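Taking our numbering, the leading residue of the sequence shown gets 1, the next gets one more, and so forth.
Remarks on the structure that follows.
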Amino acid sequence: MKEHKNVKSVLKKLSERKGIERIREYKLLAGDPNTEVTHKESGCRFKLDPRKVYFSGREGTERLRIAEQVKPNEFVLVMFSGVSPFSIIIARKQPQIQKIISIEINPIAHEYAKENIRLNKVQDKVIPILGDVREKVKDYHGKCDRVIMPLPHEAYKYLDLAYKCLKPKGGIIHLYLIEQEKDVEKKVKKLIHDFKKKTSYTIRKVLPYAPYMNKYCVDISLQKD
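Here is the structure:
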C-alpha cells in the first residue's frame with residue numbers, strides 16, 4: 001500500500017458469489033475497514049461496497065456495448081440491477097430514453113442505486129425498485145422495448161417473465177449465461193424454442209469464467225406479431 005497510494009484497503013476473496021444477491025465473502029488483509037469505493041466508468045460514478053453488493057468493474061465494456069444499442073424513446077427494464085450501472089450508463093449515453101426500470105432484491109444495493117442515480121443526475125430517467133423480480137415485473141407486462149438480465153447463473157429461469165414484459169410487437173432481451181463453449185448454442189436454442197415466434201439471436205463471449213466455461217450475453221430479438 002506504500003507503493004500504491006490510491007489503495008486504501010486490501011481484501012482477500014474467501015468464497016465464490018452466492019445466491020441471487022451475488023455476494024462474495026472477503027477478508028480484510030490491510031488498510032481501512034471502511035471498504036466503500038467510488039468506481040468511475042463511461043463518464044459515470046458508482047458508489048458501492050464490494051463486501052455488501054455485487055459489482056464487476058471488468059464488465060464495463062459490455063455495459064457500454066448494451067448502452068450504445070439503445071434507441072431514443074425506448075422503455076427499458078433491468079432485472080437484478082445491483083447498484084444500477086447498466087441503467088445509469090444507458091441514461092447518460094441515450095438521453096432521449098423514455099424510462100429505465102431497475103429492479104434489485106438486495107436492500108443495500110438498492111440504496112447505493114438510489115445514491116448513484118442522484119450522483120449521475122438521471123433521476124428523471126431511472127426508477128429504482130426494491131424487491132423480487134418475479135413480483136415486481138408484473139407491473140411492466142407488455143410495456144418494454146428491451147429487457148436486460150445480468151444474473152448469469154439463474155437469469156434463464158426468468159426468461160418467460162422477460163418475454164411477457166416485451167411490448168405486443170416484440171423487442172430485445174439481453175440474457176447472460178455461464179456455460180461451456182461447446183454447449184452454449186444448444187442451450188440457447190432450447191431456451192428460445194418455446195417462444196414459437198419469429199426469433200433471432202447472437203451469442204457474445206463476455207469474459208472467461210472457469211476452465212472451458214465462459215460468461216456469455218445472448219442478444220435475443222423477438223417479434224411477437
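Idealized CB from N, CA, C, for every residue including glycine.
Treat the numbers as computed from the prediction; the structure is a model and nothing was measured.
Backbone CA spacing between residue i and residue j [nearest angstrom]
i, j, result
"L29", "K167", "For L29, the predicted model reports a pLDDT of 48, less than 50, meaning its position is unreliable and no value from the coordinates is stated."
"L161", "V37", "34 Å"
"H141", "R51", "34 Å"
"R180", "M213", "According to the sequence as given, residue 180 is Gln; it is not Arg. Cα to Cα, Q180 sits roughly 4 Å from M213."
"D139", "R63", "25 Å"
"I173", "E185", "16 Å"
"V137", "I148", "12 Å"
"T61", "S42", "9 Å"
"V122", "C217", "26 Å"
"I105", "L130", "6 Å"
"K197", "K182", "26 Å"
"C144", "D49", "31 Å"
Cβ pair residue i, residue j closer than 9 Å
i, j, result
"I117", "S84", "yes"
"L222", "F195", "yes"
"V133", "Y158", "yes"
"N120", "R92", "yes"
"I90", "V76", "yes"
"V53", "S87", "no"
Identity of the residue in the options nearest residue i by Cα
i, options, result
"V206", "K215, G171 and K198", "K215"
"A67", "C44, L48, A210 and V53", "C44"
"I178", "V122, I100, Y158 and L151", "L151"
"Y156", "L48, I192 and R146", "I192"
"I101", "K164, R65 and R146", "R146"
"Q69", "K143, I129 and P95", "P95"
"S200", "K169, K182, V53 and I220", "I220"
"F55", "R65, K40 and G82", "G82"
"E135", "C165, K71 and V126", "C165"
"F80", "T35, P128 and K40", "P128"
For residue i, the residue or residues it bridges with in DSSP
i, result
"R134", "Answer by DSSP bridge pairing: none, since R134 is not bridged."
"K121", "None; K121 has no bridge partner."
"L222", "G171 and T199"
"Y216", "L177 and K205"
"I103", "I129"
"N148", "For clarity, residue 148 is Ile in the given sequence; the question names Asn instead. According to DSSP, I148 bridges with V78 and H174."
Length at least 3, wholly inside the region 154-207: the beta strand (DSSP E) runs in chain order
170-180
In chain order, each beta strand (DSSP E) run of at least 3 residues that lies wholly inside the region 25-93
26-31, 37-41, 44-48 and 75-78
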